[in-house]
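Colleague: The structure's right below; bear with me while I get my questions together.
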Amino acid sequence: MAAPLVNAPKRVRRGEVFEVRTLISHPMETGFRPGTNGTIIPRDIIEHVRCRFAGETVLDMALSPAVSANPYLVFYVRADAGGALEMEWTGDKGFSASYSTAIVVE
Amino acid sequence: MKQGSAAVAFFALLAATALAQGIADPRRSGFDDMGTALQAIQRDDFSNPAALWLAEGESAWNRQAGSAGKSCADCHGGPENMRGVAARYPAYDTMLGRVVNLDGKIEDCRIRRQKADPLPHESRARVALEAFVARQSRGLPIVPPDEPNVGAAAAAGSALFTRRMGQLDLSCAQCHEQRAGQRLAGSIIPQGHPTGYPVYRSEWQSVGTLQRRLRNCMIGVRAEAFAYGSPEFVALEAFLMRRAAGMTIETPAVRP
Amino acid sequence: MNVGCTRRAFAGGFAVALLPLAANATPETMREAIREVTGDRAVRGGRIVLDIQPLIDNGNTVPMRVRVESAMTDGDRVTALHVFNEKNPQPHVLSVRFGPRAGRAEIATRIKLADTQKVVAVAEMSDGSLWTAGIDVIVTIAACIEGLE
C-alpha cells in the first residue's frame, strides 16, 4: 500500500489559515457487499483520521463505511505557532498509517 | 475484416473531413459524457485517487527488481523519456515477434531485462507502473504505428468489435457506435475511446487497465471474457487506438 | 432498431448484476441517528453550506464539501459536525470534532450514496446551539452494486 499523500504548505504566516489535502490508499470495504463466491466481504474501513498541529488537535474525524475508498480529506488549520503537522489514520484489522511534516510559521 | 477496415477508414475520414471543414471532431472522450463532479476530480491531479497509484509506479520505476538488479531508470533514465510511448502502443515488437500493448511491453522488460518474476495481471504493482509510464504521455495525441502487423491486429480487433457475443448477443459497436450518446439506464453510453487508461474507475474504486474495462463489458453482455493479455484483447486495443487516433491521452483519467 | 433484442431485455440483462443487496436505512432511522446527537434540543436551519452536485453518475465517489459559518475563536466555535444519509445501509456518514487548531469548520471529502436520497449535516456550536442543512442528491448508478468481475 502506498504511503499517504499529504499536500500542505511548507511555510505560512502567523495567524494564517492554511489548507491541508490528504489521500490514502484504503478499500473502505463496507461489510455489505458479497464477494464473487456470494458470501459477504467483511467490513474493513478506516475508522478515524486525526490531525494535530504544533501539539494541539485540529480535528478528529470518525468515518463510516459511507466514506469512499481511498479516502480524500481536505481541512483547514490555523497557524498560531510553527510545528509539526501530524496525521494518523486507524481502522479495522489493525490498520494504522501516519504522516508528519514540519511547517514553518513566520 | 473488411468491415473492420471500413470502420477504421470511416472514422479517419470523419475526423479528416471534420478538420478540413473546421467542424468539431465528432469523437468524444468519455470525459465529455460524465458528470461535472468526476470531471473536477480528473482535472485536479491531487484530488484524483490515481495519484496514489502514480506514486507507487514512480517508486517502482526507480527500484531495482529481479536477479539483474536493474531498475527501469537504470536503462531508461528519467520517466520523461517515456513521453510519447503510451501514445503509440500497441506496437509490433521485433524481439517478441508479435504485437504487444504497453502492459505487455513493460512486463516483457520486467521478465527479460530485469529477470524478475512476472506480476499478476491487474495486480496493483503492475497497474501502478503502467499508469506511471502512460502518465508521461498525457496531453499528447494518440499516434498508432503505421506498421503492417499492427494494421493486421487492428483489423482483427475491428472484426471483434462488430461481432455479436454473449447471451445478450450484442457487439461492442451496437452500443458504442450505433447507440453512443443514448442512455443505458441513467448513464450515457460513451463512444468507448481508450484515451485515459489505466483509469480510476469509480465503479472499481481503484485504477484498472483497458482490458479490465473490456472484461467488464463482456461480462455485462454475458459473454465469456477473453483472458488478460490474450491476442484478442491486444487486437481490440490496436483497433480502439486507431479509432481514437489523434485524440488526446488523459491518463490517469477518472470514469464512473 | 436492428439489435436482436428488445430495449427491455437489453436493460434487464444488466440489471441482474445491479441488484442492491443490503437492507437499507430509512428517513426514520436517519432521524433517530440525528436524535442521538441532538437529544431534545432545538435544531435550527442555517449556518451550514452543504455542497454536493445534485446529479451524480456513480454513487461510489460523491464529492462533498461542508462549511459551517463560525469565526472559530474561543467564544464562537463549531465543536462538532455530523453528516447523515437516508438510504445507505447505515445512517451515519461521518463525524468531525474540531480542536483548537482548526482554522475553519470546513471539510471536503468523498462519500458513497447507495441511492437517490437526502444528505443532512448537523453542527454543534460551543454555545450549545445546533444547526442543520440538507440536500437532495440524484444518483444515476448507485454505490456498492457491481459484485461481478
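Residue numbers (the working numbering), protein chains in the order written: chain A, 2 to 107; chain B, 562 to 817; chain C, 19 to 167.
Backbone N, C-alpha and C fix where the C-beta goes; we use that ideal spot for every residue, glycine too.
Quantities reported herein were computed from a predicted structural model and do not represent experimental measurements.
Could you tell me which residues DSSP puts in a beta bridge with residue 30 (chain A)?
Modeller: For the purposes of this step, residue 30 (chain A) is taken as residue 29 along the first sequence, with counting starting at 1. Paired residues: A:45.
Colleague: Near residue 759 (chain B), which residues of its chain fall below 7 Å by C-beta distance, leaving aside the five closest residues on each side in sequence?
Modeller: Looking up residue 759 (chain B) in the second sequence gives position 198. These residues qualify, in order along the chain: 688, 691, 692, 695, 768, 769, 770, 812, 813.
Colleague: Please report the residue range of the beta strand (DSSP E) in which residue 20 (chain A) lies.
Modeller: Mapped onto the first sequence, residue 20 (chain A) falls at position 19. Here the beta strand (DSSP E) through residue 20 (chain A) covers 18 to 24.
Colleague: Closest Cβ-Cβ distance between residue 798 (chain B) and chain C: below 8 Å?
Modeller: In the second sequence, counting from the first residue as 1, residue 798 (chain B) sits at position 237. Judged by the 8 Å Cβ criterion, residue 798 (chain B) is not in contact with chain C.
Colleague: Taking beta-carbon pairs under 7 Å, can you tell me which members of the segment 73 to 88 of chain A lie near chain C?
Modeller: Going along the segment 73 to 88 of chain A in chain order, one finds 73, 74, 75, 76, 77, 78, 79 with a Cβ nearer than 7 Å to chain C.
Colleague: Within 10 angstroms of the Cβ of residue 721 (chain B), are there 16 or more other Cβ atoms? Answer buried if so, exposed if not.
Modeller: Residue 721 (chain B) sits at position 160 when you count from the first residue of the second sequence. It is buried - the Cβ of residue 721 (chain B) has at least 16 other Cβ atoms within 10 Å.
Colleague: For residue 5 (chain A) and residue 25 (chain A), which I take to be in contact (beta-carbon distance under 8 Å), what is that distance rounded to the nearest angstrom?
Modeller: Sequence index remark: in the first sequence, residue 5 (chain A) carries index 4 (1-based). Sequence index remark: in the first sequence, residue 25 (chain A) carries index 24 (1-based). 4 Å between Cβ atoms; contact.
Colleague: What is the residue span of the beta strand (DSSP E) that residue 74 (chain A) lies within?
Modeller: Position 73 of the first sequence, counted from the start, is the residue given in the question as residue 74 (chain A). Unbroken beta strand (DSSP E) run through residue 74 (chain A): 73 to 79.
Colleague: Under three-state DSSP, which class holds residue 63 (chain C)?
Modeller: Sequence index remark: in the third sequence, residue 63 (chain C) carries index 45 (1-based). Strand at residue 63 (chain C).
Colleague: Quick check: is the beta carbon of residue 751 (chain B) nearer than 8 Å to any beta carbon in chain C?
Modeller: Counted from its first residue, the second sequence places residue 751 (chain B) at position 190. Not one chain C Cβ lies under 8 Å of residue 751 (chain B).
Colleague: Along the segment 27 to 43 of chain A, where does the CB come closer than 8 Å to a CB of chain B? Name the residues.
Modeller: Cβ contacts with chain B come from 28, 29.
Colleague: Could you please give the first and the last residue of the uninterrupted alpha helix (DSSP H) stretch that includes residue 612 (chain B)?
Modeller: Position 51 of the second sequence, counting from 1, holds the residue named residue 612 (chain B). Where residue 612 (chain B) is concerned, the enclosing alpha helix (DSSP H) stretches over 611 to 623.
Colleague: For the candidate residues A:50, A:20, A:15, whose alpha-carbon lies nearest to that of residue 93 (chain A)?
Modeller: As a working note, residue 93 (chain A) is residue 92 in the first sequence. When each option's Cα is compared against that of residue 93 (chain A), the closest is A:50.
Colleague: For residue 156 (chain C), I'd like the list of residues in its chain whose CB is within less than 8 Å of its CB, leaving aside the five on either flank, ordered along the chain.
Modeller: Translated into the one-based positions of the third sequence, residue 156 (chain C) becomes position 138. Closer than 8 Å at the Cβ level, and outside the excluded window around residue 156 (chain C), lie 72, 73, 74, 134.
Colleague: Would you kindly work out how many angstroms separate the C-alpha atoms of residue 588 (chain B) and residue 805 (chain B), rounded to a whole number?
Modeller: Counted from its first residue, the second sequence places residue 588 (chain B) at position 27. Counted from its first residue, the second sequence places residue 805 (chain B) at position 244. In a straight line, the C-alpha of residue 588 (chain B) is about 8 Å away from that of residue 805 (chain B).
Colleague: Quick one: what's got a C-beta closer than 6 Å to residue 40 (chain C)'s C-beta in the same chain, skipping five residues either side?
Modeller: Counted from its first residue, the third sequence places residue 40 (chain C) at position 22. At residue 40 (chain C), the pLDDT of 49 sits below 50, so the modelled position is not reliable and the matter cannot be decided from this model.
Colleague: Can you tell me the Cβ-Cβ gap for residue 63 (chain A) and residue 112 (chain C), rounded? I've got them flagged as a contact below 8 Å.
Modeller: Residue mapping note: residue 63 (chain A) aligns to position 62 of the first sequence, counting from 1. Residue mapping note: residue 112 (chain C) aligns to position 94 of the third sequence, counting from 1. Indeed they touch by this definition, with Cβ atoms about 6 Å apart.
Colleague: Under 8 Å Cβ-Cβ, which residues of chain A neighbour residue 612 (chain B)?
Modeller: Residue numbering aside, residue 612 (chain B) sits at position 51 when the second sequence is read from its first letter. The contacting residues are 6, 24.
Colleague: Restricting to Cα atoms, I'd like to know which of C:69, C:91, C:47 is closest to residue 139 (chain C).
Modeller: To locate residue 139 (chain C), count along the third sequence from 1; it is residue 121. Residue C:69 is the option with its Cα nearest to residue 139 (chain C).
Colleague: Between residue 54 (chain C) and residue 616 (chain B), what straight-line distance do the alpha-carbon atoms span, to the nearest angstrom?
Modeller: Along the third sequence, one-based indexing puts residue 54 (chain C) at 36. Along the second sequence, one-based indexing puts residue 616 (chain B) at 55. Near 41 Å, if we compare the C-alpha coordinates of residue 616 (chain B) and residue 54 (chain C).
Colleague: So that I know if they touch, is there some Cβ in chain B lying closer than 8 Å to that of residue 98 (chain A)?
Modeller: As a position in the first sequence, residue 98 (chain A) is number 97, starting the count at 1. Proximity of residue 98 (chain A) to chain B, defined by a Cβ-Cβ separation below 8 Å, is not satisfied.
Colleague: Please name the residue, chosen from C:143, C:154, C:149, C:151, that lies closest to residue 92 (chain C) on a Cα-to-Cα basis.
Modeller: Within the third sequence, numbered from 1, the residue matching residue 92 (chain C) stands at position 74. The residue with the shortest Cα to Cα distance from residue 92 (chain C) is C:143.
Colleague: Using C-beta distances below 7 Å, list every residue in its chain close to residue 606 (chain B), excluding the 5 sequence neighbours before and after it, in chain order.
Modeller: Counting from one through the second sequence, the residue named residue 606 (chain B) turns up at place 45. Closer than 7 Å at Cβ, skipping near neighbours: 612.
Colleague: Looking at residue 46 (chain A): is its Cβ nearer than 8 Å to the Cβ of residue 34 (chain A)?
Modeller: As a first step, residue 46 (chain A) is located in the first sequence; it is residue number 45 there, counting from the start. As a first step, residue 34 (chain A) is located in the first sequence; it is residue number 33 there, counting from the start. Not closer than 8 Å, so no.
Colleague: When the cut-off is 8 Å and only beta carbons count, does residue 632 (chain B) lie next to chain A?
Modeller: Along the second sequence, one-based indexing puts residue 632 (chain B) at 71. No, because no Cβ of chain A sits closer than 8 Å to the Cβ of residue 632 (chain B).
Colleague: What's the C-alpha gap between residue 790 (chain B) and residue 676 (chain B)?
Modeller: Mapped onto the second sequence, residue 790 (chain B) falls at position 229. Mapped onto the second sequence, residue 676 (chain B) falls at position 115. Distance between the alpha carbons of residue 790 (chain B) and residue 676 (chain B): 20 Å.
Colleague: Spell out whether any CB of chain B is found under 8 Å from the CB atom of residue 75 (chain C).
Modeller: Here residue 75 (chain C) refers to the residue found at position 57 when the third sequence is read from its first residue. Yes, its Cβ sits closer than 8 Å to a Cβ of chain B.
Colleague: Check residue 811 (chain B) in the structure and name its three-state DSSP category.
Modeller: Here residue 811 (chain B) corresponds to residue number 250 of the second sequence, with the count starting at 1. Coil, per DSSP.
Colleague: DSSP state of residue 767 (chain B), grouped into three classes?
Modeller: For the purposes of this step, residue 767 (chain B) is taken as residue 206 along the second sequence, with counting starting at 1. Three-state DSSP puts residue 767 (chain B) in a strand.
Colleague: Who are the neighbours of residue 764 (chain B) on chain C, taking C-beta pairs under 8 Å?
Modeller: One-based indexing of the second sequence puts residue 764 (chain B) at position 203. Under the 8 Å cutoff, chain C gives 76, 78, 159, 164.
Colleague: What separation, rounded to the nearest whole angstrom, lies between the Cα atoms of residue 712 (chain B) and residue 700 (chain B)?
Modeller: Within the second sequence, residue 712 (chain B) is the residue found at index 151, counting from 1. Within the second sequence, residue 700 (chain B) is the residue found at index 139, counting from 1. Distance between the alpha carbons of residue 712 (chain B) and residue 700 (chain B) is about 24 Å.
Colleague: How many Å lie between residue 48 (chain C) and residue 614 (chain B) at the Cα?
Modeller: Here residue 48 (chain C) refers to the residue found at position 30 when the third sequence is read from its first residue. Here residue 614 (chain B) refers to the residue found at position 53 when the second sequence is read from its first residue. If you take the alpha carbons of residue 48 (chain C) and residue 614 (chain B), they lie about 36 Å apart.
Colleague: Label residue 16 (chain A) either buried or exposed according to how many other C-beta atoms from any shown protein chain fall within 10 Å of its C-beta, with 16 as the threshold for buried.
Modeller: Sequence index remark: in the first sequence, residue 16 (chain A) carries index 15 (1-based). Burial call: exposed.
Colleague: Please compile the residues from chain B whose C-beta is within a distance smaller than 8 Å of the C-beta of residue 70 (chain A).
Modeller: For the purposes of this step, residue 70 (chain A) is taken as the residue at position 69 of the first sequence. In chain order: 610, 766, 767.
Colleague: Would you say residue 45 (chain C) reaches chain B, if we count a Cβ-Cβ gap shorter than 8 Å as a contact?
Modeller: As a working mapping, residue 45 (chain C) is identified with position 27 in the third sequence. Cβ-Cβ to chain B under 8 Å: no for residue 45 (chain C).
Colleague: Taking the continuous beta strand (DSSP E) assigned at residue 696 (chain B), which residues delimit it?
Modeller: Position 135 of the second sequence, counting from 1, holds the residue named residue 696 (chain B). If you look at residue 696 (chain B), you'll find it isn't in any beta strand (DSSP E); it sits in the alpha helix (DSSP H) that goes 685 to 696.
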